[in-house]
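Offset between the sequence shown (1-based) and this note's numbering: plus 1.
Each residue gets a CB set at the ideal place from its N, CA and C atoms; glycine is no exception.
Model, not experiment: these values are computed from the prediction.
Everything below concerns the one structure shown next.
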Amino acid sequence: MINYKQSSRQVAALALASVLTACGRGPDTSSGGGGDFIVNSPSSAVRLNAFSDFKCTDGWTDSDGAMGLASGTGNGTCEAVFPGPSGTYRVEVLAQSEYDGTSSFAVGINRQIVYAGVYPLSQSSLNCNCSNWQQNCPDKVVMLDAGTHQIKTGDTLRFIGQEMYACSTSYGASAKWHELVFTRIN
């Protein structure tokens with residue numbers, strides 16, 4: 002039996018990776034995280050805030066307290082320089098999932114995509130008709146595993162987000178995120 006929900010997520014992630022590869026930002030061979038959810042990260046981790054540590058392309062804005070793409074932007078990129086010591090790091094995205102779509106995202110190091118994934122829904126299923134959504138089907142802040150990667154001091158880090166309009170051409174999921182978290186493994 003085909004799992005359509007999982008298949009559509011994989012297709013979306015592959016589509017984003019294909020677009021990025023065409024732009025000279027192809028994937029490398031770093032291990033991926035499989036989209037697991039991580040509840041807590043150690044306080045000693047390097048945390049880079051979407052608003053204060055990243056420089057973003059036009060179209061990114063404050064969206065319900067998170068950095069998100071303005072409606073109709075399509076996709077966007079944010080960049081920062083890694084300030085921590087060189088080493089192997091588990092990379093996580095503190096993301097804000099939504100009820101009306103599953104945005105695609107990618108994480109890059111020095112113009113190479115090292116992980117591509119898809120946000121989960123904030124509710125158990127897609128909901129295209131949720132009145133008073135802030136109360137009835139609110140966003141959920143989740144930690145998304147973006148794999149384990151070699152990172153050097155001064156490397157350029159990228160977060161790439163892609164809007165997802167599953168319900169309408171005028172509203173949908175806007176790749177909302179708060180920060181990237183880097184936990185040193187060795």
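According to the Cβ coordinates, are residue i and residue j closer than 9 Å?
i, j, result
"GLN151", "THR89", "yes"
"LEU158", "ILE110", "yes"
"GLU80", "ALA147", "no"
"THR149", "PRO86", "no"
"THR103", "GLY77", "no"
"VAL82", "ASP156", "yes"
"SER169", "CYS129", "yes"
"LYS177", "SER98", "yes"
"VAL108", "LEU181", "yes"
Taking the alpha helix (DSSP H) that residue i falls in, what are its first and last residues?
i, result
"ASN137", "134-137"
List the endpoints of the continuous beta strand (DSSP E) containing residue i.
i, result
"GLN97", "88-98"
"GLN113", "113-119"
"GLU164", "Element bounds for GLU164: n/a, residue is neither H nor E."
"ILE152", "141-152"
"LEU63", "The sequence given here has Asp at residue 63, not Leu. Element bounds for ASP63: 61-64."
"ILE110", "105-110"
"THR78", "76-82"
"THR184", "178-185"
Going along the chain, which residues of its own chain have a beta-carbon closer than 7 Å to the beta-carbon of residue i, five neighbours each way excluded?
i, result
"THR62", "GLY69, ALA71"
"TRP134", "TYR100"
"GLY33", "Reliability fails at GLY33, whose pLDDT of 33 lies under 50, so the model's placement of it is uncertain and no value is given."
"GLY173", "ASP101, GLY102, GLU164, MET165, TYR166, ALA167"
"PHE52", "MET68"
"GLY60", "LEU70, ALA71, THR74, GLY77"
Rounded to whole angstroms, how far is the Cβ of residue i from the Cβ of residue j, which I believe are closer than 8 Å?
i, j, result
"PHE55", "PHE160", "7 Å"
"SER123", "MET165", "SER123 to MET165, Cβ: 13 Å. No contact."
Return the chain-ordered list of same chain residues with a C-beta closer than 6 Å to the C-beta of residue i, the five sequence neighbours on each side being excluded.
i, result
"CYS131", "TYR100, ASN137, CYS138"
"GLY35", "Residue placement at GLY35 is flagged as unreliable, the pLDDT there being 32, under the threshold of 50; a coordinate-derived value is accordingly withheld."
"GLY66", "none"
"ALA96", "TYR120, VAL143, LEU145, TRP178"
"SER171", "none"
"ARG185", "GLY88, TYR90"
Does the Cβ of residue i lie closer than 8 Å to at least one heavy atom of the ligand SAM?
i, result
"SER87", "The model on display carries no ligand, and the ligand SAM is accordingly not part of it."
Got a sec? Which residues, its chain only, sit under 8 Å from residue i by beta carbon, not counting five neighbours each side?
i, result
"PHE38", "Note that PHE38 scores a pLDDT of 34, beneath 50, so its modelled location is shaky and nothing firm can be said."
Out of the options, which one is the CA nearest neighbour of residue i?
i, options, result
"ASN187", "PRO84, HIS179, ARG91, SER64", "ARG91"
"ASP140", "GLU180, VAL108, SER53, SER64", "SER64"
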